[in-house]
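Student: I'd like to ask some things about the structure below.
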Amino acid sequence: MTLAASITVRLRLPLICAPVFRVSGADLVIEACNAGVIESFPTANCKTVDRFGKWLTRRDSAVPSSAAPFCPNLIMRSSSMKEELACICRHRVEMIITSVGSPAPAVDPLHEIGCLVLTDVATVRHAEKAIAAGIDGLILLTAGADGQTGWADGFAFARAVRRIFDGPIVLAGRISDGWPLWAARALGCDLAYMGTRFIAATESSAPPDYKQILVDSEFDDIFLTRAFTDLETNILPPSIVAAGLDPANLPAMSEGRSPQLCGSGAPAPQTMEGRLECRTFGFRCPSRRIRGSINQNHSG
Ligand SMILES: Cc1cc2nc3c(=O)[nH]c(=O)nc-3n(C[C@H](O)[C@H](O)[C@H](O)COP(=O)(O)O)c2cc1C
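Oh and the sequence shown: position 220 is 201 in this note's numbering, straight run, nothing missing.
Structure (structure tokens):
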């Protein structure tokens, strides 16, 4: 285990409750941290930087320092990244996860406050670049991850990264109970990510209809498509149907139009902000999960 003992002693499980847009809210952060699990949330879930600062203050007062760390997810190409970074530094946050873009601009200011910087990567090339930028840990996004997914096989990816990096690594994708979590540890990972597993939790901010779709869905229901954001995305068909679309006849992004989930017949978003916003519907639709696993989540 390469994660600092000051963090591991506060964990009941070697787990990060993964950042999920419009799902990871203040309640999930507080409950997960108090239960001994690292909780991450996209800063975008706070909607404004001012609100983000208030979340950090609320978390500080609701969670003792002996609880598991929380971990804002900073989107490097977001237009508000610099303000969010400044807010993180003011609050002396203990660890963060960067996504979408090079972590390089954030590494020095975060290290100055003693913050651990984790970065998500989908290829060994990405991992090498992130290591060169000075990050402290890597999240390995693999082929099973829900929402906008990775491509790599987790077994091979974890071993390939372990050969070049001896810092903390986190396996992400299709991990939903203790068995794959244990397998991740056996592979040499320090922690694992669970995203979908927490979406139907009582404390999640997901809308009830989305939670129900997850609970009702089976392993084989998953649908992989590039139709919405031109990035490979794991989605559940009932949400596509609920939006008035036929999963079997989705317009291709190469036709220059995105389906009405991005706004009726609107042109496909060309900017990163546009694509991130387009992820919105992903929060209603993504992911397969074994029903029993979600039900266990409800029953605690
Ligand atoms: C609906 C949805 C929204 C997501 N939003 C984000 C996000 O805002 N930032 C991010 O880094 N990852 C995001 N992810 C990816 C998760 O953090 C995580 O990588 C993924 O859920 C892991 O796969 P699993 O769901 O199979 O556990 C999202 C995933 C889903 C399903």
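For each residue, glycine too, the CB sits at the ideal point set by N, CA and C.
Does the CB of W36 have a neighbour CB from chain D at under 8 Å?
Tutor: The structure shown contains no chain D, having only a single protein chain.
Student: Label A(-14) either buried or exposed according to how many other C-beta atoms from any shown protein chain fall within 10 Å of its C-beta, with 16 as the threshold for buried.
Tutor: A(-14) should be labelled exposed.
Student: Assuming contact is defined by CB atoms lying nearer than 8 Å, are I69 and P23 in contact in what I supplied?
Tutor: Not a contact, by the Cβ cut-off of 8 Å.
Student: Express the C-alpha separation of Q129 and D211 in angstroms, rounding to a whole number.
Tutor: Distance between the alpha carbons of D211 and Q129: 10 Å.
Student: Straight-line CA distance for A167 to D41?
Tutor: Their backbone Cα atoms lie some 34 Å apart in a straight line.
Student: Compute every distance between the C-beta of I116 and the non-hydrogen atoms of ligand 1, then say whether any falls below 7 Å.
Tutor: Not under cutoff, so the answer is no.
Student: Here's a check: name, in chain order, each residue in its chain whose Cβ is nearer than 7 Å to the Cβ of N230, leaving out the five neighbours to either side.
Tutor: Result list for N230: empty, nothing under 7 Å.
Student: Kindly give me the distance between the Cβ atoms of F146 and L119, rounded to whole angstroms, as I take these residues to be in contact under 8 Å.
Tutor: Rounded, the Cβ-Cβ distance is 6 Å, consistent with contact.
Student: Tell me whether S185 sits in a helix, a strand or coil according to DSSP, three-state version.
Tutor: It is coil, neither helix nor strand.
Student: Should T177 be labelled buried (16 or more other beta-carbon atoms within 10 Å of its own) or exposed?
Tutor: It counts as buried.
Student: Compare the C-alpha of D127 against each of P90, N215 and V196 and name the closest.
Tutor: Checked all of P90, N215 and V196; the closest Cα to D127 is N215.
Student: Could you have a look at F138 and say whether DSSP puts it in helix, strand or coil?
Tutor: Of the three classes helix, strand and coil, the one that applies to F138 here is helix, per DSSP.
Student: Return yes when the C-beta of P23 is under 7 Å from any heavy atom of ligand 1, and no when it is not.
Tutor: Yes - ligand 1 has a heavy atom lying nearer than 7 Å to the Cβ of P23.
Student: Quick check on the burial criterion: 16 or more other C-beta atoms within 10 angstroms. Buried or exposed for L(-4)?
Tutor: L(-4) is buried by the Cβ-count criterion.
Student: Put E64 into one of helix, strand or coil per three-state DSSP.
Tutor: Helix, per DSSP.
Student: Given that a residue counts as buried once 16 or more other Cβ atoms are within 10 Å of its Cβ, and exposed if not, what is T252?
Tutor: A caution first: T252 carries a pLDDT of 42, below 50, which makes its placement in the model too unreliable to give a value.
Student: Tell me the rounded alpha-carbon separation between S46 and L66.
Tutor: Computed Cα separation, rounded: 22 Å.
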